[in-house]
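Asks: Protein chains in written order, with my numbering: chain X, 393 to 523; chain F, 393 to 523.
Quick one: the structure is below, and I'll ask about it shortly.
2 protein chains.
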Amino acid sequence: MAARKHSRQRDSILQFLMTRKDHPTADIIYMNVRQRNPSISLGTVYRNLTLLAENGEIKRLNMGDGVDHFDADTSPHYHLFCEKCGGVVDLKMEDIDSVIEKAAAHFDGHVAGHVTYFYGTCSRCMESGDF
Amino acid sequence: MAARKHSRQRDSILQFLMTRKDHPTADIIYMNVRQRNPSISLGTVYRNLTLLAENGEIKRLNMGDGVDHFDADTSPHYHLFCEKCGGVVDLKMEDIDSVIEKAAAHFDGHVAGHVTYFYGTCSRCMESGDF
DNA sequence: AATGAAAACAGTAATCACTACTATTTTTGG
DNA sequence: CCAAAAATAGTAGTGATTACTGTTTTCATT
Numbered sequence: 393m394a395a396r397k398h399s400r401q402r403d404s405i406l407q408f409l410m411t412r413k414d415h416p417t418a419d420i421i422y423m424n425v426r427q428r429n430p431s432i433s434l435g436t437v438y439r440n441l442t443l444l445a446e447n448g449e450i451k452r453l454n455m456g457d458g459v460d461h462f463d464a465d466t467s468p469h470y471h472l473f474c475e476k477c478g479g480v481v482d483l484k485m486e487d488i489d490s491v492i493e494k495a496a497a498h499f500d501g502h503v504a505g506h507v508t509y510f511y512g513t514c515s516r517c518m519e520s521g522d523f
Numbered sequence: 393m394a395a396r397k398h399s400r401q402r403d404s405i406l407q408f409l410m411t412r413k414d415h416p417t418a419d420i421i422y423m424n425v426r427q428r429n430p431s432i433s434l435g436t437v438y439r440n441l442t443l444l445a446e447n448g449e450i451k452r453l454n455m456g457d458g459v460d461h462f463d464a465d466t467s468p469h470y471h472l473f474c475e476k477c478g479g480v481v482d483l484k485m486e487d488i489d490s491v492i493e494k495a496a497a498h499f500d501g502h503v504a505g506h507v508t509y510f511y512g513t514c515s516r517c518m519e520s521g522d523f
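Quick look at the structure:
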């Protein structure tokens, strides 16, 4: 296996992601990290996000909007996609991994895991009735 | 609202989709429908799949693999993405929409629905230990 | 500190799924 | 039969992501 070497760019990306709770996309991360590191390239952002996700340091989220979102909080929790503002917010709720057993009950193959996310309206969009 | 007109192409697409239980992608549908209707264009396939999905005649599935899958079975059921063969199979299991209440319990916004799918190994890939 | 191979980089080109556009063909109510 | 609306084929464009390439950075070993 290839030895991982340190990189300032990867540090910047991870550090920025840890300050955000809104699960930004690669493009948002790129635009922000560029303020501190103007010469960073978009390809570097993508490559490092993939490296970090493969290494378990961050999570890659598929929220059904055609763009990958990233989360530096790797503890188990769930997400909601706001259909009004397009944002992604955390959802504190009890663990629902028991759905895996329910899925496995009448299935011949092997159920390794599940992906669950919610959609609706975030609290901020509920307040501002701008929609 | 625009009056829907009949189209042979839309018929072919829906008819083909009803013969398949593996939730094909637009591209797979295109290649197959083209055997009966060689002049159909890929854009027509995409447009009609969207029309049919908006009309509730089929379902558009997001299985996290970056490609939309389509299902002519609109009854409530779940799906598993096979990590070995990349296929999508049906999963008969009890309804788990109660997760919506669990999600809403400690949430200030509004939870409209959820997306849940499973991943693992389909029964066919379990049998053939080719992997 | 010097060195050299592996890793990472910036910048750009390419890919892939999908959507938009346009001139032509089909459908359908009257 | 006829014309307006809808749909089509074919092509061009878009947006997110990946691949490629020559250069720079990292770092274990000297």
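All residues carry an ideal CB built from backbone N, CA and C; glycine is no exception.
Taking Cβ-Cβ distances below 8 Å as the criterion, which residues of the segment 481-506 of chain X are in contact with chain F?
Replies: VAL481, LEU483, LYS484, MET485, GLU486, ILE488, VAL491, ILE492, LYS494, ALA495, ALA497, HIS498, PHE499, ASP500, GLY501, HIS502, VAL503, ALA504, GLY505 and HIS506
Asks: Enumerate in chain order the residues of its own chain whose CB-to-CB distance from PHE523/X is below 6 Å, with the five nearest sequence positions on each side excluded.
Replies: Residue mapping note: residue 523/X aligns to position 131 of the first sequence, counting from 1. Note on PHE523/X: pLDDT 48, under 50, position unreliable in the model; the coordinate value appears next. Cβ neighbours of PHE523/X beyond the five flanking positions: LYS476.
Asks: Using alpha carbons as the reference points, say which of LEU444/F, THR417/F and SER404/F lies closest to PRO430/F.
Replies: Indexing the second sequence from 1 puts residue 430/F at position 38. With distances taken between Cα atoms, PRO430/F lies closest to SER404/F.
Asks: Shorter than 8 Å from the beta carbon of GLY479/X to some beta carbon of chain F?
Replies: Residue mapping note: residue 479/X aligns to position 87 of the first sequence, counting from 1. The Cβ of GLY479/X sits no closer than 8 Å to any Cβ of chain F.
Asks: Considering only the alpha carbon of each residue, which of HIS498/X, TYR438/X, MET410/X and ARG516/X lies closest to MET485/F?
Replies: What you label residue 485/F is simply residue 93 of the second sequence in a count that begins at 1. Comparing Cα-Cα distances from MET485/F to each of HIS498/X, TYR438/X, MET410/X and ARG516/X, the minimum goes to HIS498/X.
Asks: Can you give the Cα-Cα distance for GLY478/F and ASN424/F, rounded to whole angstroms?
Replies: For the purposes of this step, residue 478/F is taken as residue 86 along the second sequence, with counting starting at 1. For the purposes of this step, residue 424/F is taken as residue 32 along the second sequence, with counting starting at 1. When rounded, the distance between both Cα atoms is 19 Å.
Asks: Taking 8 Å as the CB-CB limit, is GLY509/F close to chain X?
Replies: The count along the second sequence starts at 1 and reaches residue 509/F at position 117. In the sequence under discussion, the amino acid at residue 509/F is Tyr, which differs from the Gly named in the question. Yes - at least one Cβ of chain X is within 8 Å of the one on TYR509/F.
Asks: Per DSSP, which residues does VAL437/F bridge with? Please list them.
Replies: Here residue 437/F corresponds to residue number 45 of the second sequence, with the count starting at 1. DSSP lists no partner for VAL437/F.
Asks: Kindly list the residues whose CB is nearer than 7 Å to the CB of THR508/X, restricted to its own chain and excluding five residues on each side of it in sequence; keep chain order.
Replies: Residue numbering aside, residue 508/X sits at position 116 when the first sequence is read from its first letter. Result list for THR508/X: TYR470 and ILE488, in chain order.
Asks: From this set, ALA496/X, VAL491/X and ARG452/X, which residue's C-alpha is nearest ASP414/X's C-alpha?
Replies: If you number the first sequence from 1, residue 414/X lands on position 22. The shortest Cα separation from ASP414/X among ALA496/X, VAL491/X and ARG452/X belongs to ARG452/X.
Asks: At what residues does the alpha helix (DSSP H) containing ALA496/X begin and finish?
Replies: By one-based count along the first sequence, residue 496/X stands at place 104. Taken as a continuous stretch (DSSP letters only), the alpha helix (DSSP H) holding ALA496/X covers 490-497.
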